[in-house]
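Protein chains: 2
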Amino acid sequence: MPEHAYHHGDLASALLKAAEEELALHGIEAFSLRAVAKRAGVSHGAPAHHFKDAKGLLTTLAARGYERLVEAQVSRQREADEDPTAQCIASGLGYLDFARANPELFRLMFSSDKPRRSQDDFARSAGTAFANLVGDIRNKLGSDPYEDPVAMKQVVASWSIVHGLADLLISGRLDAPLAVVGTEAERDEIMSEIMLRVLEGPGRA
Amino acid sequence: MPEHAYHHGDLASALLKAAEEELALHGIEAFSLRAVAKRAGVSHGAPAHHFKDAKGLLTTLAARGYERLVEAQVSRQREADEDPTAQCIASGLGYLDFARANPELFRLMFSSDKPRRSQDDFARSAGTAFANLVGDIRNKLGSDPYEDPVAMKQVVASWSIVHGLADLLISGRLDAPLAVVGTEAERDEIMSEIMLRVLEGPGRA
DNA sequence: GATCGATCTTGACATCGTCTAGATCACACT
DNA sequence: AGTGTGATCTAGACGATGTCAAGATCGATC
C-alpha cells in the first residue's frame with residue numbers, strides 16, 4: 002500500500018474518524034473542516050466529494066453517534082435484570098454512559114443545528130433510538146404509547162429526566178452538587194433512584 | 002440628539018440588544034460579531050472597546066439571561082399557591098416559559114462554551130439562579146441541601162427533570178410525542194405532573 | 001491500450017474575529 | 001477660555017474559515 006495513494010480508498014470513513022477526533026478535541030463550536038482534512042492527510046477540498054459540505058459530514062457523524070448511543074444502552078440492558086423497570090433504568094444508565102464518554106458528540110447530536118435532521122442516516126438512526134425508548138416503555142406499561150397518551154407521557158418523562166441528567170452532567174453543572182459522590186457505583190445508584198421516581202408514574206398524593 | 006454621534010453614549014447596551022436580536026434570528030452557531038456591530042450601526046471594531054471580544058459580549062448576554070430566567074420563575078411563583086411544593090412546580094414552569102420564549106439564548110446559557118463561566122457577571126447571575134433552586138428545595142424539605150445529601154439529591158433531580166424537558170422542548174424533540182396536547186393549560190398540567198413525580202421523592206416501592 | 005468518470009488538488013473568493021494605528025470627541029485642569 | 005489627555009470609534013490589515021470552480025491524477029471498463 003503506497004504511502005500517498007492519490008485515491009485514498011476509504012477516505013469517507015477516514016474523514017469521519019478524523020472529524021470525531023477533532024470534535025472531541027476542540028468541541029463543536031471550534032470545529033474546522035479544514036483541520037479535519039489536514040488530520041486525514043488530504044487537501045481542504047477533498048471532503049466535498051464524500052460529504053456535500055461540513056453539515057453533511059457532521060450529520061453522518063451524529064447519525065453514527067445515535068447508533069453508538071443505542072449500543073451503550075443495550076450493553077447496560079444485557080447486564081441488568083430482565084424486569085421491564087430494570088431494563089428502563091439500564092437504558093437510562095447507558096444513555097448517561099454515552100454522554101459522559103462522548104460529551105462533544107452528544108452535544109452535536111442534541112444541542113446543535115449543524116446536523117440536518119431530515120438526512121436519511123440521521124433520521125433513521127435517531128428514529129431507532131427513539132423507537133427503543135418507546136419499546137421499553139411499552140414493555141413496562143403493557144400499552145402502546147402511540148395509542149395510549151398516558152404511556153406517551155411516560156416516554157416524555159423518562160426521556161426528559163435522563164436527558165436532563167446527561168446534559169447537566171457533561172456541562173459540569175452537577176460537579177458541585179455531586180461532589181460528595183465517591184465511587185461510580187454510588188453515582189449509578191443515585192441516578193437510578195432519580196430515574197425510578199419518574200418511572201414509578203404519578204404518585205398517590 | 003444627533004443622528005450619528007461619534008460617541009454613541011450607551012453603545013454597550015445597544016450592542017447587547019443587537020446581539021440578542023442576532024442571536025434570536027440566526028442562533029449561536031451562526032452568530033457574527035460583525036453583524037452585531039452593523040445592526041448597532043457602528044464599525045466592526047467598536048465592540049472591542051466595551052467587551053474584550055465576542056466571548057465577552059456573549060458572556061454578559063448569557064448573564065442577563067440568567068436574570069431573566071429568574072424573573073420568569075418568580076413570575077410564575079407569584080401566581081402560585083404558597084405551598085412549598087407548588088412553589089417548586091411554579092419555578093419549573095417558569096424555567097420552561099423562559100426556554101420556550103428564548104430558545105437560542107437558553108442554548109447560549111446552557112449548551113455553549115462561548116460564555117466564560119468564571120466572568121463576574123455570569124458567575125453571579127448563574128449563582129443566584131442556582132441559589133433560588135436550592136432555597137426552594139430547602140423550603141420544601143426543611144433541610145439545607147448543603148448539609149443534607151438527600152436534599153442535595155433532590156436539587157439534582159428537580160433541576161434535571163426541568164432542564165431535560167426544556168432542552169428537549171426547544172429542540173423540537175417533544176413535538177411528535179406531545180402532538181395531542183391542545184391548550185397551553187393542558188401542557189402546563191402535563192409538565193407539572195411530571196415534575197411532581199420527581200418532587201415527591203423516592204417512592205415506597 | 002484509450003477513454004471516461006470518480007477522486008483529489010489547487011487557487012480563488014467572501015466572511016469571520018482580532019490586532020493596530022489613527023481619527024474624533026468629551027471632559028478636566030490650568 | 002484654551003489645551004491636552006484619555007476614552008471612544010473608524011479603517012485597514014492579517015490569518016483562518018467554508019465553499020466554489022478548474023484542473024490534475026488515477027482505476028476501471030470497453
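Taken in order, these protein sequences are the chains called E and C.
Its first residue numbered 2, the first sequence is counted upward by one per residue in this note's numbering.
Its first residue numbered 2, the second sequence is counted upward by one per residue in this note's numbering.
Even for Gly, the Cβ is constructed at its ideal location relative to N, Cα and C.
Under the three-state DSSP convention, the category residue 169 (chain C) falls into: Residue state for residue 169 (chain C) is assigned as helix, using DSSP reduced to three classes.
Chain E within 7 Å of residue 139 (chain C), Cβ atoms only: Residue 139 (chain C) is outside the set of residues whose beta carbon lies under 7 Å from a beta carbon in chain E.
Indicate whether residue 124 (chain C) and residue 167 (chain C) have their beta-carbon atoms separated by less than 7 Å. Going by C-beta atoms, residue 124 (chain C) is not nearer than 7 Å to residue 167 (chain C).
Quick one: does residue 162 (chain E) have its CB under 7 Å from some CB of chain C? Interface residue, yes.
Who are the near neighbours of residue 63 (chain E) in its chain, counting only those whose CB is closer than 7 Å to its CB and skipping five residues on each side? 109, 110, 116 and 123, listed in sequence order.
Quick one: Cα of residue 96 (chain C) to Cα of residue 187 (chain E), how far? C-alpha separation (whole angstroms): 29 Å.
Could you give the DSSP three-state label for residue 57 (chain C): helix, strand or coil? In the structure shown, residue 57 (chain C) sits in a helix (DSSP, three-state: H, G or I).
Report the residues of the segment 113-128 of chain E with a CB closer than 8 Å to any CB of chain C, ordered along the chain. Answer in chain order: 113, 114 and 115.
Three-state secondary structure (DSSP) at residue 131 (chain E)? Secondary structure at residue 131 (chain E): helix, using DSSP grouped into helix, strand and coil.
Segment contact, 8 Å Cβ cut-off, at least three pairs: the segment 177-186 of chain C with the segment 56-74 of chain C: At 8 Å Cβ cutoff, the stretches do not touch.
Assign residue 30 (chain C) to one of three DSSP states: helix, strand, or coil. It is helical.
Output, in chain order, the set of chain E residues within a Cβ distance shorter than 9 Å of residue 168 (chain C). Result: 111, 112, 161, 164, 165 and 168.
Top-ranked residue by Cα proximity to residue 119 (chain C), from C:12, C:160 and C:56: Taking only the C-alpha atoms, the option nearest residue 119 (chain C) is C:56.
Could you run through the segment 171-193 of chain E and flag, in chain order, every residue whose CB is less than 7 Å away from some CB of chain C? Residues passing the 7 Å Cβ filter: 172, 175, 178, 179, 181 and 191.
Cα-Cα separation between residue 5 (chain E) and residue 13 (chain E), rounded to whole angstroms: Low per-residue confidence applies at residue 5 (chain E): pLDDT is 45, beneath 50, and the placement is therefore not dependable, though the value from the model is reported in the following sentence. Answer to the nearest angstrom: the Cα atoms are 16 Å apart.
In three-state DSSP terms, what is residue 107 (chain C)? Here residue 107 (chain C) sits in helix by DSSP.
Any C-beta of chain E sitting closer than 7 Å to the C-beta of residue 150 (chain C)? Interface residue, yes.
Assigned secondary structure, residue 181 (chain E) (DSSP; H/G/I helix, E/B strand, else coil): Residue 181 (chain E): coil per DSSP, three-state reduction.
So for residue 87 (chain E), helix, strand or coil by DSSP? Reduced to three states, the DSSP call for residue 87 (chain E) is helix.
For residue 23 (chain E), which residues of its own chain have a beta-carbon under 8 Å away from its beta-carbon, when the five flanking residues on both sides are left out? Leaving aside the five residues that flank residue 23 (chain E) on each side, the residues in its chain whose CB is nearer than 8 Å to its CB run, in chain order, 32, 33, 36, 37 and 40.
Return the first residue and the last residue of the alpha helix (DSSP H) that residue 49 (chain C) is part of. Counting along the chain, the alpha helix (DSSP H) containing residue 49 (chain C) begins and ends at 48-51.
If residue 135 (chain E) and residue 146 (chain E) are in contact, beta carbons under 8 Å, what's the gap, nearest whole angstrom? Contact holds; Cβ gap of about 5 Å.
Residue 72 (chain C) in three-state terms, based on DSSP: In the structure shown, residue 72 (chain C) sits in a helix (DSSP, three-state: H, G or I).
Can residue 66 (chain C) and residue 196 (chain C) be called in contact, C-beta distance under 7 Å? For the pair residue 66 (chain C) and residue 196 (chain C), the CB atoms are not nearer than the 7 Å cut-off.
Please confirm if residue 37 (chain E) has its CB atom under 7 Å from at least one CB of chain C. Under the Cβ criterion of 7 Å, residue 37 (chain E) is not counted among the residues facing chain C.
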